[in-house]
Structure formats: structure tokens, C-alpha cells
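Asker:
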Amino acid sequence: MEKRLSDKVAIVTGASKGIGKAIAKLYAGEGARVLGVFLSDTAAAQKTLEEIQAAGGQASLFQGDVSNMTDTERMASEAIRLYGRIDILCSNAGIYPSVKIKKMTEEDWDRMQAVNLKGTFLTVKACLPQMQAQKYGKIITIASTTGVRTGISGFAHYGAAKAGIIGFIRSACLELAPYNITINAVAPGIVLTEGFKGELGDARDTIIQKIGQEIPMKRLAEPLDIAYAVLFLSTDESRYITGQEIIVDGGLVLPELPLQLLGS
0 MEKRLSDKVA IVTGASKGIG KAIAKLYAGE GARVLGVFLS DTAAAQKTLE EIQAAGGQAS
60 LFQGDVSNMT DTERMASEAI RLYGRIDILC SNAGIYPSVK IKKMTEEDWD RMQAVNLKGT
120 FLTVKACLPQ MQAQKYGKII TIASTTGVRT GISGFAHYGA AKAGIIGFIR SACLELAPYN
180 ITINAVAPGI VLTEGFKGEL GDARDTIIQK IGQEIPMKRL AEPLDIAYAV LFLSTDESRY
240 ITGQEIIVDG GLVLPELPLQ LLGS
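Residue numbers are given in numbering that gives the first Met the number 0: position 5 of the sequence shown equals residue 4, and the series is strictly consecutive.
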């Protein structure tokens with residue numbers, strides 16, 4: 000059976016761990032040649048690379064800051080130097096420190112927007128010349144249910160950045176469609192990454208169980224759950240979908256109709 004991304008070249012930002020790692024491994028497993036972009040954790044990035052190669056996939060690493068235009072331009076150039084083209088960009092890199100507005104500094108706000116929103120813009124901009132020249136491209140951004148659909152105390156700056164991503168793709172899709180380039184977003188709910196588990200402390204098992212009970216699917220998302228949605232938007236199976244957001248949250252954001260309204 001032919002792999003779904005055979006002969007494709009993909010860039011994944013934030014590829015060293017969590018959702019980005021799952022996406023990079025899934026892409027490679029489906030035949031793509033992957034450039035995994037990471038900021039600083041060389042050991043984690045190398046582990047991702049080794050796991051891809053051990054499974055028979057092709058990948059390389061690039062260290063850079065998505066909030067820096069020079070770095071994102073170098074990123075795109077490296078993908079072209081190594082593989083000759085750029086078919087897929089998954090703009091996944093992001094940060095999520097919690098701080099309430101009363102204690103939030105201007106630096107806190109600016110850093111969040113720089114990485115999560117500006118970083119999306121810069122990575123897309125860097126890859127566009129090659130995608131436009133080849134008249135083909137699939138761009139997938141990682142948004143969130145926080146910001147557009149829900150809110151969380153302490154994450155106003157995060158929600159603003161993620162909502163901004165949705166606004167960005169809505170207009171960007173109109174500019175890119177004439178070049179046969181699609182751009183979409185995947186909006187995860189609560190994902191059971193190592194980073195998330197690390198923030199929960201010693202009571203994490205209890206907390207995870209309690210959160211899971213509030214989700215219709217009765218569990219938190221695994222990184223692979225998000226990666227599968229990203230994969231779909233990266234294939235030609237989604238060739239007529241652009242400017243859209245796919246929510247992957249196990250039904251968490253859906254309001255449940257009170258039973259008393261149904262006469263129960």
C-alpha cells in the first residue's frame with residue numbers, strides 16, 4: 000500500500016516533543032521527508048530524529064527561533080537545500096506559560112504573541128515563495144479551543160494568540176488559493192503531553208482522571224490524536240478544504256443540553 004505522503008517534503012516546527020514530535024513521526028511514517036525544527040532542547044530533538052530513522056523514515060533537524068525572521072528564512076532554505084522543495088508546513092511551535100492579567104507584564108504578553116502568533120506568520124511567509132513557485136502547498140497551523148471557543152483563567156495572552164491564528168488563516172486562504180495552496184488549523188483541547196503532565200505535580204493521576212470525566216470521550220487527547228487530524232489536512236484527501244478549523248477535543252467544548260429542558 001502506497002504511503003500517503005510519499006515524495007512529499009514537510010517542515011514541522013516544535014518537533015522535539017509533544018504534539019510536534021507526534022506529527023513529525025507520523026509524517027515520516029507516511030513517507031514524507033521531514034525537517035524537524037526545534038528551539039533549544041537538542042537532546043529531545045535528537046531523540047525524535049533517532050526514533051524516525053529507526054522506523055525507516057527520513058528526517059533532518061534545524062535549530063531556530065520561529066519568532067525570528069532570519070531563522071525562519073534559513074529554515075525554508077535548509078529544507079530546499081536538503082530536499083529540493085517544500086510541500087507541507089506544520090506550524091506547531093508554541094508556548095503556554097500561565098499568568099493572570101493583574102500580574103502579566105508587557106514582556107509576558109509580547110513573548111506569547113511573538114512565538115505563537117508572529118511565529119505562525121513568519122514560518123508561513125518563509126515557505127510561501129517555494130510553495131507558490133511549485134503551485135502546491137499544504138499549511139497546517141496549531142490553534143486551540145482556548146481563545147475562540149473557550150477561556151481559561153491565566154491564559155488571556157495565550158487565548159488571544161491562538162484566536163489570532165484563526166483570524167490569520169481565514170484571510171490567508173484567500174491569498175493562497177490561486178497558487179493551489181491550502182491553509183487550515185487544528186484546534187486541540189486538553190492534550191496529555193509530557194509538559195502538561197509535568198505541570199500537574201504529584202497529584203497528576205487524580206487530576207487527569209477528574210478532567211477526563213468532564214470530557215464526553217472520557218479521556219484526554221494523546222498527541223497522536225492531534226497528529227492524525229494534521230495528517231488528513233496534509234494529504235490530497237483534503238485538497239478542497241481551506242481556511243477552516245478542525246477541533247480535536249473529544250467533544251469538550253460542546254454544551255450539554257440540560258436534561259430538565261427535555262422533560263427528563
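Glycine included, each C-beta is placed from N, C-alpha and C at the ideal position.
Does the distance from the CB of Arg-32 to the CB of Thr-234 come in under 9 Å?
Answerer: In terms of Cβ geometry, Arg-32 and Thr-234 do not form a close pair [threshold 9 Å].
Asker: Quick one: using the 10 Å Cβ neighbour count with 16 as the cut-off for buried, is Lys-102 buried or exposed?
Answerer: exposed
Asker: Is Leu-116 helix, strand or coil by DSSP?
Answerer: Leu-116: helix per DSSP, three-state reduction.
Asker: Figure out for me which residue from Asp-224, Leu-251, Ile-206 and Lys-124 has the closest Cα to the Cα of Asn-67.
Answerer: Ranking the options by Cα distance to Asn-67, first place goes to Lys-124.
Asker: With 16 as the cutoff for other CB atoms within 10 Å, does Tyr-95 come out buried or exposed?
Answerer: buried
Asker: What residue range is occupied by the uninterrupted beta strand (DSSP E) comprising Ile-87?
Answerer: 87-90
Asker: On the DSSP bridge list, what partners appear for Ser-59?
Answerer: Paired residues: Leu-34.
Asker: Around the C-beta of Ile-85, are 16 or more other C-beta atoms found within 10 angstroms, so that it is buried, or is it exposed?
Answerer: buried
Asker: How long is the line joining the alpha carbons of Phe-195 and Gly-249, rounded to whole angstroms?
Answerer: For Phe-195 and Gly-249, the gap between their C-alpha atoms comes out near 17 Å.
Asker: In this structure, does DSSP put Ile-18 in helix, strand or coil?
Answerer: helix
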